[in-house]
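Enquirer: Pasting in a structure now, in structure tokens, and then I'll have a few things to ask.
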Amino acid sequence: MPGIQTPPTLAYGDYNGRPSQKPIVMKNETMARGQGKYLIENPDQLQRFRAWMEAHGNPNEWLAQDYLDTPGKAPTCYKVIVDCTGEIIASHISYGPPHSMHLRQNRATKGDVAKNSMKELEYADSEFCLDSRAITSNHILLHDDDQTTGGRICLNPLPQSHPYNQTERNILAAHGLDRKVPLLPKKVATTASGIGRALGMKKGQIDELVLGVDMIQKEGTDDFLLLEVNRRPSLASVRDWLGSAHSISEPDAWRWIISGSMQRVLQDR
Numbered sequence: 000m001p002g003i004q005t006p007p008t009l010a011y012g013d014y015n016g017r018p019s020q021k022p023i024v025m026k027n028e029t030m031a032r033g034q035g036k037y038l039i040e041n042p043d044q045l046q047r048f049r050a051w052m053e054a055h056g057n058p059n060e061w062l063a064q065d066y067l068d069t070p071g072k073a074p075t076c077y078k079v080i081v082d083c084t085g086e087i088i089a090s091h092i093s094y095g096p097p098h099s100m101h102l103r104q105n106r107a108t109k110g111d112v113a114k115n116s117m118k119e120l121e122y123a124d125s126e127f128c129l130d131s132r133a134i135t136s137n138h139i140l141l142h143d144d145d146q147t148t149g150g151r152i153c154l155n156p157l158p159q160s161h162p163y164n165q166t167e168r169n170i171l172a173a174h175g176l177d178r179k180v181p182l183l184p185k186k187v188a189t190t191a192s193g194i195g196r197a198l199g200m201k202k203g204q205i206d207e208l209v210l211g212v213d214m215i216q217k218e219g220t221d222d223f224l225l226l227e228v229n230r231r232p233s234l235a236s237v238r239d240w241l242g243s244a245h246s247i248s249e250p251d252a253w254r255w256i257i258s259g260s261m262q263r264v265l266q267d268r
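Yeah, the sequence shown ends on 268 if you go by numbering that gives the first Met the number 0, and it's all consecutive.
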């Protein structure tokens with residue numbers, strides 16, 4: 000889509016930069032939900048990553064993307080669930096551990112490595128361990144009851160929603176959002192809606208019923224950049240909207256989405 004900004008991104012095979020000058024994120028395109036993303040900040044990390052790639056990796060699956068700081072004291076990302084009609088179903092801000100915590104991706108076990116060689120990049124005893132600074136919020140890094148090291152802030156407020164804690168209120172303020180009733184920024188909503196329509200429908204037929212659109216706000220600006228579009232998005236924010244991500248199952252969330260989206264598709268015809 001014209002007019003959409005993205006961080007500078009290269010296929011892994013085309014990347015020959017120096018992370019000591021500009022941090023980058025190595026991203027595995029086959030992974031989702033915060034997996035397969037590694038922040039490279041120095042030449043030693045890049046050397047270890049390249050050694051792992053030579054031993055185990057598939058260059059066709061990886062991208063090198065410039066790492067951009069976001070507002071506030073923790074890495075953040077807008078995550079939007081949109082259907083093929085452009086309807087925004089749910090949205091939230093995902094936030095990772097505060098930079099001051101220096102939390103690292105080094106908690107993988109020998110059992111994890113046995114199942115997935117990529118986990119060598121996170122296994123402290125591996126020669127390939129990157130000891131990368133954690134920049135995503137996911138189940139590997141976080142406890143469900145600990146919002147201080149990461150989590151999600153639901154937007155466009157929910158019928159049922161937990162009160163925002165101080166960490167979350169600070170993040171909302173840093174992004175210029177209301178700390179009591181935070182709404183998805185119009186620029187993000189417009190972009191996500193357009194992506195849903197453009198990729199969801201092809202020649203009048205449904206190609207992707209639901210997509211996850213990830214965007215970031217560049218620190219110190221009102222610029223919003225597209226990080227990625229997920230065909231297998233997490234439905235946590237949808238489950239929150241329906242009541243609670245802990246009490247609503249993924250299949251129930253899918254049934255609710257499919258029912259509503261198909262009604263909108265039929266209405267548009």
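All C-beta atoms in this analysis are idealised placements derived from N, C-alpha and C, irrespective of residue type, glycine included.
1) Taking its Cβ as the centre, do 16 or more other Cβ atoms sit within 10 Å of residue 91, making it buried, or is it exposed?
2) Output the distance between the C-alpha atoms of residue 85 and residue 123, rounded to the nearest integer angstrom.
3) Excluding the 5 residues flanking residue 76 on each side, which residues of the same chain have their C-beta closer than 6 Å to its C-beta?
4) Taking the beta strand (DSSP E) that residue 93 belongs to, which residues open and close that run?
5) Touch check for the stretch 57 to 70 and the stretch 7 to 14: three-plus C-beta pairs under 8 Å?
6) Roughly how many whole angstroms lie between the Cα atoms of residue 203 and residue 121?
7) Assess, as a yes-or-no matter, whether the stretch 187 to 206 is touched by the stretch 25 to 43 under the definition of 3 or more beta carbon pairs within less than 8 Å.
8) Closer than 6 Å by C-beta to residue 47: which residues in its own chain qualify, once you throw out the five before and the five after it? Chain order, please.
9) How many Å lie between residue 155 and residue 113 at the Cα?
10) For residue 111, which three-state DSSP category applies?
11) Report the rounded CA-to-CA distance for residue 60 versus residue 24, giving the unit in angstroms.
12) Which two residues bound the contiguous beta strand (DSSP E) that contains residue 234?
13) Once you ignore the five residues that flank residue 181 on each side, which residues in its own chain have a CB closer than 6 Å to its CB?
14) Does DSSP put residue 11 in a helix, a strand or coil?
15) Between the C-alpha atoms of residue 164 and residue 102, what's the straight-line distance to the nearest angstrom?
16) Just to confirm, does residue 230 get its C-beta within under 7 Å of one of the non-hydrogen atoms of the ligand ATP?
17) When the distance is taken between beta carbons, is residue 88 closer than 8 Å to residue 257?
18) DSSP three-state call for residue 170: helix, strand or coil?
19) Which residues bound the beta strand (DSSP E) around residue 25?
20) Between which two residues does the beta strand (DSSP E) harbouring residue 226 extend?
Expert: In short, the structure shows the following:
1) buried
2) Annotation: residue 85 to residue 123 spans about 44 Å, alpha carbon to alpha carbon.
3) 93, 213, 215
4) 87 to 94
5) yes
6) 44 Å
7) Between the stretch 25 to 43 and the stretch 187 to 206, the count of C-beta pairs closer than 8 Å stays below three; the two stretches do not touch.
8) 127, 129
9) So the two alpha carbons sit approximately 42 Å from each other.
10) helix
11) Spanning the two alpha carbons is a distance of roughly 14 Å.
12) Careful: residue 234 lies outside any beta strand (DSSP E) and carries neither H nor E.
13) 154, 171
14) Residue state, collapsed to three classes: helix.
15) Taking the straight line joining both Cα atoms gives about 21 Å.
16) The ligand ATP is absent from the structure shown, which contains no ligand whatsoever.
17) no
18) In this structure, residue 170 counts as helix in the three-state DSSP scheme.
19) 23 to 27
20) According to the DSSP assignment, residue 226 belongs to the beta strand (DSSP E) that extends over 223 to 229.
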